Amino acid sequence: MGKGLYYLIYVGDGERGELSLRGLTPDSRDFIRISGKRSAELFNGVMSVIDAYALKYSISKDGGKTVVELPADVGYAVLIYLLLTYNAKEPNKWLYFLERLLAGKAPLSKYLNVFVDLAIDLSNLKYGCGGRGAIIKPTAARTVSSMMRVLIENL
Numbered sequence: 189m190g191k192g193l194y195y196l197i198y199v200g201d202g203e204r205g206e207l208s209l210r211g212l213t214p215d216s217r218d219f220i221r222i223s224g225k226r227s228a229e230l231f232n233g234v235m236s237v238i239d240a241y242a243l244k245y246s247i248s249k250d251g252g253k254t255v256v257e258l259p260a261d262v263g264y265a266v267l268i269y270l271l272l273t274y275n276a277k278e279p280n281k282w283l284y285f286l287e288r289l290l291a292g293k294a295p296l297s298k299y300l301n302v303f304v305d306l307a308i309d310l311s312n313l314k315y316g317c318g319g320r321g322a323i324i325k326p327t328a329a330r331t332v333s334s335m336m337r338v339l340i341e342n343l
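Numbering (the working numbering), first residue to last: 189 to 343.
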């Protein structure tokens, strides 16, 4: 991933829902998926940062489903943020890092793609390639999320 568009998709009633990020087309397989109460908090946080930076995106709503079309660089930053906060108790605590990513001021940002690759490889190792569900499986996302937070806290 990295070229084209990303689709941030939120489905829910406001408090509980499901947040996913897809690449290429809205019908592609989810790259990462987060369910529960935190999904609304994460979605609202991401959108507030994107709006604060006046970044271009398009949004469509259909019932309880919201689809946000993001440029590749913004979408990849959101992917890194969602992976970082996958099992964080307070995801909004990490919004500053999304801001730094979008501003191009995140330390060691050129190495962050290694965490995405690691999460994919761990998912494939444990569950095999392909299959149903998100590309990054929950167990791999939790493991890599914890590693990322330790690194970022110590920068």
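Just so it is clear, CB atoms sit at the ideal spot from N, CA and C, and this is done for glycine as well. Note that this is a predicted model, so its numbers are computed, not measured.
Cβ neighbour criterion (16 or more within 10 Å) applied to residue i
{"i": "I222", "result": "buried"}
{"i": "I238", "result": "buried"}
{"i": "L267", "result": "buried"}
{"i": "E341", "result": "exposed"}
{"i": "D305", "result": "exposed"}
{"i": "L300", "result": "buried"}
{"i": "A294", "result": "buried"}
{"i": "R210", "result": "buried"}
{"i": "V262", "result": "buried"}
Extent of the continuous beta strand (DSSP E) run through residue i
{"i": "K253", "result": "K253 to P259"}
{"i": "Y274", "result": "Y274 -> no beta strand (DSSP E), and no H or E assigned at all."}
{"i": "G224", "result": "D218 to G224"}
{"i": "Y245", "result": "First-last for Y245: undefined, no H or E at that position."}
Alpha-carbon spacing of residue i relative to residue j, whole angstroms
{"i": "S334", "j": "W282", "result": "13 angstroms"}
{"i": "G321", "j": "R217", "result": "7 angstroms"}
{"i": "F285", "j": "I247", "result": "23 angstroms"}
{"i": "L289", "j": "G316", "result": "31 angstroms"}
{"i": "A242", "j": "L258", "result": "12 angstroms"}
C-beta contact flag for residue i and residue j at 8 angstroms
{"i": "L212", "j": "A260", "result": "no"}
{"i": "F231", "j": "L271", "result": "no"}
{"i": "L310", "j": "A291", "result": "no"}
{"i": "I220", "j": "I324", "result": "yes"}
{"i": "S227", "j": "Y198", "result": "yes"}
{"i": "G233", "j": "P279", "result": "yes"}
{"i": "G252", "j": "D201", "result": "yes"}
{"i": "V256", "j": "L207", "result": "no"}
{"i": "R337", "j": "A276", "result": "yes"}
N- and C-terminal bounds of the alpha helix (DSSP H) containing residue i
{"i": "G292", "result": "No alpha helix (DSSP H) holds G292; DSSP gives it neither H nor E."}
{"i": "Y315", "result": "L300 to Y315"}
{"i": "R330", "result": "P326 to E341"}
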